[in-house]
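Chains as they are written, first to last, in this note's numbering: chain A, 49 to 382; chain B, 6 to 122.
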Amino acid sequence: MTSLTIETQTEFDLFNLLQLPIALFSLDKKELIFINDSFVELYDSHELSSANDLCSSNNHKAVVSAEQELALLDELAGFYQDNASNNHRVHVFTIEFESKRRKYIYEYTAYQKNAFIIVQVQDVTKLKKSQFLLNSSNAMLEKYSNEMFTLAHTDLLTKTANRRALFAKFEQLTTESAPLEFTISILDIDYFKKFNDSYGHEFGDYVLTVFCDHIKALISPISFFARIGGEEFCLIQEQSSKSGGTNNIQNILQSIKDIQLETPTEKQVNISFSAGIAEYGKDGTTLDSLLNNADKALYYAKQNGRSCVIPFSTDLFEKRADIIYAKSAARNSR
Amino acid sequence: MHSSLFIKYGGFTSIHALIENFYDKLVDSAIVGPHFENTNIETLIEHQTSFISSLLGGPTSFSDQHLASVHSNLAIKEQEWCEVITLLELSLVEFGMEQADADVIINKLVAKKGIFL
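Next comes the structure, spelled out in C-alpha cells:
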C-alpha cells in the first residue's frame, strides 16, 4: 500500500479540479493545511457576523465562524485521538450553524490516511433544497400529465368519456385475467337533428348534456359510458348478460322519456333514444365487431319505430324481413 | 410568448431563489422580523415558493381557506402587511422581474389581503 504524501503546492492544487469540497488536516500540525476551491465557495456563500480564517497556510481562505472552526477542528482532533494507530478509518459527522436565521447543515466525511485526514463536505441543506425543487417539479409534471390524459379522454361538451377512452377501457377489460362477461350498447338519441334544426345548436348541446348527466346518474358504478359520435353513445355494462343489459337500458329509456325539456320557444319536449346491444364473446370479441353488431341492432331499432332497445342476434334481419313481408301482405289484403 | 409567468421566470428553481432573497429581507426587517423568530425559515421558504409559483400561473398550492387558517393566529397588523408587500416588490425587482409582471403578482396578493389580516 503506498502512503499518501503531499509535498508541493502543485499536488495540493490537483484537489481544485474536484467539484467536491475537500480539506486536508495534518495530524502533525493539528490544523487544516489545505482547502480546495469548492470548499471555499461553500463557506463563502454565507454572510457571517464573526469570521475566522479556517485555513491560512495556503492561498485559500474560507471564512467561517469561530464556533464552526472550533467544532470542525475538535471533531478532527477527536477522531485522531480516538484511534490514532488505526489507518484508513472513516468518520462521518455533521455541524449545524445559522446564518440570517436560516439553519445550515454540513455533513463531513473524514478519512484518515497516515499523517493526514482528508475531509469531504456535503451541504445537506442544499441537498434538501434540491429535493424540494425536484419533488415540486415532479408533482407539477404528474398533475399536468393527469390533466392532459383527462383532456385527451373526455368529451369537452358533455364531460363524458370519448371514443379514445372507450378503446382504452375495452383494452383494459379484455386484458384482465378474470372471466369476462360484459355487453356493449350503442345508444342514439331519437330525432336529434330535429332539435338542432328547430331550436338551434345551443339547444342541441343542452339536450346532449342533459341526456349524458341523466344516464351517468342511472348506470351502475362499474358501467362505462362514452360519447362516440354526434348523438351516439356507447355503454359498457360489466358483469351483465345481454338480457340483463337490455333490461337495464330499457329502464333507463323509460326514465329518459319522463324528462321534459324547455325549448327556447318555451315549448316542452321529451327525448328518447334507440339502442342496440351486443355481448362480448357471443357477438364478437373485438371492439370493432361488437360495435358493428350493436350498430346493426340499433339500425333495426331505428327501422322499427325507435324508442326501443334491441339485442343483437344473427337472425335479426330475417325477423325484420318477416315483419316487412307481413306488413306488405297486410297492405295487399286491404 | 410564455404560457405563464411561472414558465417565463424559470419555474421552481428561480422562484425559490427569489423567495430566499425575500425572506432574507423579512428577517432583517425591524417591523416584521420578530414574527420569524423561532420559526423554521426553510419550511416557510418552501411554502412561499409554492404559493408565489401559483400566483405566477404555476401549479395551485394552497386554498384561500388554508391560507386564512394558518395566518389567523398571527394577528398581522396593517403596517406589517404593507412592509411584506414592499419587501416582496423589492425582491421581485431585484430578481429581474419586469414591472408589469411584478404588478400582476402584487395586485393578486393585495386582492387576497383579507385572507391574511
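Where a beta carbon is used, it is the ideal one built from N, C-alpha and C, also for glycine.
query	result
Residue-chain proximity (Phe197/A, chain B), Cβ-Cβ < 7 Å	no
Residue range of the alpha helix (DSSP H) that includes Phe56/B	46-60
For Cys356/A, the three-state DSSP class (helix, strand or coil)	coil
8 Å Cβ shell around Gln287/A - same chain, five flanking residues per side excluded	Glu229, Phe230, Ile270
Environment of His249/A [buried if 16+ CB atoms lie within 10 Å]	exposed
Short Cβ contact (7 Å threshold) for Tyr239/A with Pro312/A	no
Boundaries of the beta strand (DSSP E) in which Gln316/A is found, first to last residue	316-318
For Ile153/A: DSSP bridge partner residues	Glu144/A
Rounded C-alpha distance that separates Lys118/B from Glu85/B	12 Å
Check whether Val357/A and Gln302/A have beta carbons under 7 Å apart	no
For Glu250/A, three-class secondary structure by DSSP	helix
Short Cβ contact (7 Å threshold) for Glu155/A with Gln170/A	yes
Residue(s) in a DSSP beta bridge with Gln285/A	Thr231/A
Identity of the residues DSSP links to Ala71/A by a beta bridge	Ile83/A, Val167/A
Whether Gly324/A touches Ile232/A by CB criterion (7 Å)	no
Beta-carbon proximity check, Ile165/A vs Phe63/A, cutoff 7 Å	no
Beta-carbon separation (whole angstroms), Gln160/A vs Leu68/A, contact threshold 8 Å	That pair is no contact at about 18 Å.
Inter-stretch contact at 8 Å, needing at least 3 Cβ pairs: the region 144-153 of chain A / the region 6-23 of chain B	no
Ser86/A versus Leu75/A, Lys78/A, Glu79/A, Asp61/A, residue with shortest Cα-Cα distance	Asp61/A
Interface positions of the region 53-75 of chain B facing chain A (Cβ-Cβ less than 8 Å), listed along the chain	Thr54, Ser55, Ser58, Gly63, Pro64
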